[in-house]
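Following: one structure in C-alpha cells, then a few remarks.
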Amino acid sequence: MERRVPLRLVIVLLAILGLFGAGLVLVPAMMMMGIAGVPLDEDSDSGTLSVSCARIAQTGNTDVVLDDSQLENAQTVIETGVALDIPPRGLVVAVATAMQESTLRNINYGDRDSLGLFQQRAAWGPASDRTNPEESARMFFTGGQQGQPGLVDVDNWQSMDVTDAAQEVQRSAFPFAYARWESLAGSLVESVVGDGQLGCDQNMVGANLPDSTVGDFLQVALEQQGDPYIWGAVGPDSFDCSGLVVYSYQKVGHPLKIRTAAQMMDNSTMIEPGQEQPGDLLFGALGERGSAGHVMIVVEPGTAVQAPAAGRDVEVTQYTADNVNWKLGRLNDSAFADSQSPAA
Numbered sequence: 001m002e003r004r005v006p007l008r009l010v011i012v013l014l015a016i017l018g019l020f021g022a023g024l025v026l027v028p029a030m031m032m033m034g035i036a037g038v039p040l041d042e043d044s045d046s047g048t049l050s051v052s053c054a055r056i057a058q059t060g061n062t063d064v065v066l067d068d069s070q071l072e073n074a075q076t077v078i079e080t081g082v083a084l085d086i087p088p089r090g091l092v093v094a095v096a097t098a099m100q101e102s103t104l105r106n107i108n109y110g111d112r113d114s115l116g117l118f119q120q121r122a123a124w125g126p127a128s129d130r131t132n133p134e135e136s137a138r139m140f141f142t143g144g145q146q147g148q149p150g151l152v153d154v155d156n157w158q159s160m161d162v163t164d165a166a167q168e169v170q171r172s173a174f175p176f177a178y179a180r181w182e183s184l185a186g187s188l189v190e191s192v193v194g195d196g197q198l199g200c201d202q203n204m205v206g207a208n209l210p211d212s213t214v215g216d217f218l219q220v221a222l223e224q225q226g227d228p229y230i231w232g233a234v235g236p237d238s239f240d241c242s243g244l245v246v247y248s249y250q251k252v253g254h255p256l257k258i259r260t261a262a263q264m265m266d267n268s269t270m271i272e273p274g275q276e277q278p279g280d281l282l283f284g285a286l287g288e289r290g291s292a293g294h295v296m297i298v299v300e301p302g303t304a305v306q307a308p309a310a311g312r313d314v315e316v317t318q319y320t321a322d323n324v325n326w327k328l329g330r331l332n333d334s335a336f337a338d339s340q341s342p343a344a
C-alpha cells in the first residue's frame with residue numbers, strides 16, 4: 001500500500017448542475033464510454049443503456065453514482081464497523097478510504113499485490129481475507145495480521161481529518177485523495193445507521209396511479225416488471241424500451257403509429273423539469289443531434305418504469321428531472337393512430 005497508481009474508475013461521474021446540494025438521493029446510473037458500454041440508438045442491436053436504481057452524493061461540483069454492488073460493499077463496511085463499536089466518524093473514514101482505494105468494488109487486482117476494497121498488501125493477510133469485504137473492513141479497523149495498525153490503533157484518530165486518519169492506516173502515495181469522498185461516505189453512513197438499508201423499493205404496481213386511461217396505461221407497463229429486455233420486442237412477454245411504451249398504449253386502446261424512442265421524442269412536446277406528470281416520457285441516450293436512443297415512462301415525478309437493456313428486466317427506477325442527460329416529453333396527438341392522446 002506504500003505506492004498507488006490510479007485504479008480504473010467503475011463508478012460514474014456525472015457533471016450535473018444544482019442537484020439537490022450535497023444530499024443523498026436515488027437516481028438512474030448511466031454507464032459511460034469505456035466503463036460499461038456507451039448507450040446507442042435502440043435501432044442498433046449492439047446498443048446498450050444501463051440505468052439502475054442507485055445512490056448519488058455530491059462531491060464539490062461532481063455527482064457520484066453508486067450501483068448495487070458498491071452499495072452492498074458500503075453497507076458491509078459500515079455494519080462491520082458497527083459490530084466492532086466503531087463510532088460513526090470511523091465509519092465515514094472507512095467508507096471514504098474504500099471509495100478512494102477501489103471505488104467500493106471488491107477487486108482482485110491492484111498495485112503490486114494490493115487486493116480488495118482497501119487495496120491491502122499481502123502482509124496484511126491472505127488473499128481470501130483481503131478480498132472478503134467483511135474481513136478486509138475488520139482489518140482496516142483493527143489492524144493487519146502481521147501487526148499493521150488499524151484505525152483504532154491510531155492515537156487521537158477521532159480528532160483527525162478524514163485524510164489524516166485514513167493515511168495513518170493506508171500509507172498511500174496519494175494521501176490527500178481521501179477527503180474528496182467524505183460527503184459521500186457521510187451520506188452512506190447516515191443511511192445505514194438510520195434505516196439499515198441502502199437499497200431501493202422496486203414494488204410500484206398499483207401505487208398512486210391516476211384514475212384515467214393514463215393510469216390504465218401505467219398499470220399495464222408496471223405489470224411487465226420482471227419481463228426480459230429483448231431488442232426489437234413489443235410484448236407480450238419481452239420488450240425493448242420503446243416496445244414497452246407501444247405495448248402499454250396498445251393494451252388500453254390507444255395504438256401508436258410510431259415505434260422508436262427517437263420517433264416518440266420527435267412527436268412529443270418537451271416539458272420543463274419538475275412539470276412532468278404520470279404517463280409522460282423520459283428520453284435518454286441522446287445522440288449528437290439530440291435524438292433519443294432510450295425512453296422510460298414516468299410513473300410519478302422522480303420515478304419511472306423502463307425496459308432498460310440487454311440482460312436486464314423491466315423495472316422501476318428513479319431519476320432526477322434536471323439531469324442534463326435526459327429530456328422530458330409528452331406525446332402529441334400525432335403519435336397516435338386515432339390522433340387522440342389519452343392525456344389530452
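As numbered in full-length UniProt numbering, residues 1 to 344 make up the sequence shown, in order. Ideal Cβ placement from N, Cα and C applies to all residues, glycine included. Computed from a predicted structure; not experimentally measured.
- Here Val154 carries a coil assignment [DSSP, helix/strand/coil].
- If you draw a 10 Å sphere on the C-beta of Ser69, you find fewer than 16 other C-beta atoms in it, and that means exposed.
- Annotation for Gly226: Asp313 place their beta carbon closer than 6 Å to its own, counting only its chain and skipping 5 residues before and after.
- In the DSSP annotation of this structure, the continuous segment of the alpha helix (DSSP H) that includes Val77 starts and ends at Asp68 to Ala83.
- In the structure shown, Val169 falls within a helical segment according to DSSP collapsed to helix, strand and coil.
- Between the stretch 108–128 and the stretch 219–239 there are fewer than three inter-stretch CB-CB distances shorter than 8 Å, so the stretches are not counted as touching.
- As the crow flies, the alpha-carbon of Glu272 is around 14 Å from that of Pro278.
- Taking each of Asp338, Ala304, Gln146 and Ala94 in turn and checking the Cα distance to Thr163, the smallest one comes out for Ala94.
- Across the structure, Pro175 and Leu71 are spaced so that their CA atoms are roughly 24 Å apart.
- For Met270, the number of other beta carbons within 10 angstroms of its own is below 16, and it is reported as exposed.
- Judged by DSSP secondary structure, Leu282 falls within the beta strand (DSSP E) whose first and last residues are Leu281 to Gly284.
- According to DSSP, residue pairing for Ala98 in a beta bridge does not occur.
- Counted as a single uninterrupted DSSP element, the beta strand (DSSP E) harbouring Thr269 occupies residues Ser268 to Ile271.
- Beta-bridge annotation (DSSP): Glu300 is paired with Thr303.
- When secondary structure is reduced to three states using DSSP, Pro278 falls in the coil class, being assigned neither helix nor strand.
- The DSSP-derived three-state label of Phe141 is helix.
- By the Cβ test, the stretch 166–174 is not in contact with the stretch 71–88, since fewer than three Cβ pairs between them sit closer than 8 Å.
- In this model, Gly284 and Val295 are separated by some 6 Å (Cα to Cα).
- As DSSP reads the structure, Pro308 sits in no beta bridge.
- Going by DSSP, Thr317 is part of no alpha helix (DSSP H) but of the beta strand (DSSP E) stretching over Glu315 to Gln318.
- Between Arg180 and the set Ala98, Val169 and Asn106, the nearest pair of CA atoms involves Ala98.
- Per DSSP, the beta bridge partners of Tyr229 are Phe239.
- For Gly215, there is no enclosing beta strand (DSSP E); the residue is part of the alpha helix (DSSP H) that begins and ends at Thr213 to Leu222.
- Judged by their CB atoms, Val252 and Val299 are not nearer to each other than the 9 Å cut-off.
- By the CB criterion at 9 Å, Arg105 and Leu117 fall inside the cutoff.
- Within a 10 Å sphere around the beta-carbon of Asn156 sit fewer than 16 other beta-carbons, which makes this residue exposed.
- For the 9 Å CB-CB criterion, Val189 and Phe140 do not form a contact.
- Bounds of any beta strand (DSSP E) do not take in Arg130; it lies within the alpha helix (DSSP H) bounded by Ala127 to Arg130.
- For Lys327, the three-state secondary structure derived from DSSP is strand.
- Look at Val252 here: in three-state DSSP terms it is coil, with no helix or strand label.
- When secondary structure is reduced to three states using DSSP, Gln148 falls in the coil class, being assigned neither helix nor strand.
- A direct Cα-to-Cα measurement between Ser212 and Ser238 gives close to 25 Å.
- Your pair Cys241 and Ala307 checks out as a contact, with CB atoms roughly 5 Å apart and the cut at 8 Å.
- CA-CA distance, Val169 to Asp153, rounds to 9 Å.
- With fewer than 16 other beta carbons inside 10 angstroms of its own, Gln275 counts as exposed.
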